[in-house]
Structures are given as C-alpha cells and as structure tokens.
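Asks:
Residue numbers (this note's numbering): -9 to 306.
As structure tokens, then:
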C-alpha cells in the first residue's frame, strides 16, 4: 500500500515530514524485536533502533507491545531526547554495524524479491485459471464486449439525460444495489459517474426496481413495476453480419424467445422460403431497451443485437 498505491505514496510524504513521529528511546530499548514483529508496515529496524516514519501507518501496535516503554510519538523539537541515530550506531558498533546493516539490506531485498515473484506467480495462475473456462469442456468461452453506442442508456425512471445529470449526486447506491450487474458509472465527461446501463453481464429485468428504491435524490424514480414496463429507455439495433443465422446458416431465435416486450419476431432470411434460417426483426416502437436480447445473444464477443439509448425516455 505504501509503495505501489498512489494514495499510500502521497501519505508517506506527509508522514515523513510529520511533526509527530515514532521514536525509539535507546536507553530503554533492549532490542527484543517485539515491536518489529507487531509492526503492520514493517517499518521498524529493531536491531539498529530505526523507524522509517515514511512507511508508518500509526497503528500504535509497537507502543502497546513494548514492555519497556521504549517507543513513543515525539515532536521533531524533541531532538535532544533522541541523538543522531546513525552517528550513535557508528560509534557503538563501528564496522560491525556496517556489516549488519548491509546484511539487513540484502535480507530485506531478498524478501522483497521473493514476495514480488510470488505475487506474479499467483496472479499469473489466477489469470490462467479464469481464462480456462470452458463451455461443456469443448469450446473456450469468450467474454462479451460492450458495443460502441451512439447514445448511452440511462436506467428506467431517470426520465432523460438532462434530469439525471441535474439531480444525480453520483453516490453509486443504484450501481451497488443492482442485482443484475447492469448499472455502472459513466466515463463520459458530461455525465461522469452517473449510472449508465450495459448488458455484458445481465439485463434489466422487468420485475426489479432496486435502483429506484435506493436512490436518495429522485434521479431514478419509479412508482411501480408497471411504470417500468411502460418506459422505453432505448431500442434494439441488429447487426446482421454478427448474427449466427447469417454466419452459420442456422436458426437461433434466442433474442425473440426472451424479449419481455415481444418486440422481436423471426423472419426467413430468404423471402418466401420458410425453411431458410430465420433472422430477427425488431419492432422499435415496442422495444423498451431492457437489453435481454443483447445479453442473451450467443454471438461473441459482440452481440448481433444491441441497444441504443434514448436521450428522453418515452412512456406508453
């Protein structure tokens, strides 16, 4: 946290230049090493009596575990109580101190190298494990990718782009509460962190209005589920080249079977030939933009059918 995370790096700068810092009283310290063992940040060198204040997280574990009361937090004005540590080490231990210090550094570096290699190995193993997810043990599953939408999709009850941008405080409660993992924070500058919908992991189910229930500002407001079902947040668009009926010459119909609004029907790819593979036909006036068709489309990584948002929602 202190060395990799940007927040930890900034905090370490403040800690290093803090008025109050942890100090070891060498007259009381017996070098038992308990403080170093209990230190969460591994910032105490008990052998040489040195505390790296830039890494200290002020957990106070060292103070509570020290039976001699040798560690305390002192202001920088208390320098008379703590003489120059490095000079004291050199005077007391001479060459031996240098040798011990170099040995400690070498040990510390070897520990860091071991932890780094271990972290990389574990991360690599987890990545490979996640990548080797198979469909029936035969075909590798390719994760869905979000299509390039011309207009973002805002959740039912948010009324319009203008309304949600003015009323939403970007608290994220709706995103956290969404059981279908449909909502996520917008990355667009004009709507930064306000909720938008995408359907790689799920779709907006007609029986759910959790986002409206938890919204504290009224940016998302639905009276009941009937109002949600009557709200059109977008419309489906077909990309025929991605449809497996066109690519593989087989009938699918997954989108039509699962459309809760009945906005998709299947028609033959060849006019008048009912035996030819069937393609989806979308009734944009009936489509409510729930994303069931996009989410459940077997075409991967990009669905053959996706949803474009409405800037102003339409309610039947």
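Virtual Cβ for every residue (Gly too), placed ideally from N, Cα, C.
Going by the DSSP bridge assignment, what does residue 268 pair with across the sheet?
Replies: Beta-bridge pairing links residue 268 to 258.
Asks: My assumption, with CB atoms under 8 Å, is that residue 201 sits in contact with residue 167. Please give the rounded CB distance.
Replies: About 6 Å; that satisfies the 8 Å criterion.
Asks: Would you call the CB atoms of residue 230 and residue 283 closer than 8 Å?
Replies: For residue 230 and residue 283, no; Cβs fall outside 8 Å.
Asks: Between which two residues does the alpha helix (DSSP H) holding residue 55 run?
Replies: 51 to 55 is the extent of the alpha helix (DSSP H) around residue 55.
Asks: Pop quiz: residue 184 and residue 154 are said to be a contact at Cβ under 8 Å. What is the actual Cβ separation, rounded to whole angstroms?
Replies: About 6 Å separates the two Cβ atoms, so the contact holds.
Asks: Count the other CB atoms within 10 Å of the CB of residue 182; is the residue buried (16 or more) or exposed (fewer)?
Replies: By the 10 Å Cβ count, residue 182 comes out exposed.
Asks: Thinking C-beta only, is residue 252 closer than 8 Å to residue 279?
Replies: Result no, Cβ atoms of residue 279 and residue 252 do not sit closer than 8 Å.
Asks: If you draw a straight line from the C-alpha of residue 341 to the C-alpha of residue 240, how long is it?
Replies: Any property of residue 341 remains undetermined from this structure, which presents the chain solely from -9 to 306.
Asks: In this structure, how does DSSP classify residue 301 when only helix, strand and coil are distinguished?
Replies: Note: residue 301 maps to strand in three-state DSSP.
Asks: Inspect the beta-carbon positions of residue 33 and residue 42 and report whether they are closer than 8 Å.
Replies: Cβ distance < 8 Å, so residue 33 and residue 42 count as in contact.
Asks: Between the segment 287 to 294 and the segment 249 to 263, do three or more beta carbon pairs fall short of 8 Å?
Replies: Contact between the segment 287 to 294 and the segment 249 to 263 is absent, because fewer than three Cβ pairs lie under 8 Å.
Asks: Given a threshold of 16 other Cβ atoms within 10 Å of its Cβ, counted over all protein chains shown, does residue 2 qualify as buried or as exposed?
Replies: With 16 or more other Cβ atoms within 10 Å, it is buried.
Asks: Nearest by alpha-carbon distance to residue 236: which of 172, 302 and 270 is it?
Replies: Considering only alpha carbons, the answer is 270.
Asks: Pull up the CB-CB distance for residue 163 and residue 205, whole angstroms please, since I reckon it's below 8 Å.
Replies: Confirmed, about 7 Å.
Asks: Once the 5 residues before and after residue 7 are set aside, which same chain residues still bring their CB inside 6 Å of it?
Replies: Answer for residue 7: no residue qualifies.
Asks: I need the straight-line Cα distance from residue 10 to residue 62, nearest angstrom please.
Replies: Whole-angstrom Cα-Cα distance: 10 Å.
Asks: Smallest Cα separation from residue 211: which of 5, 175, 15 and 147?
Replies: Taking only the C-alpha atoms, the option nearest residue 211 is 147.
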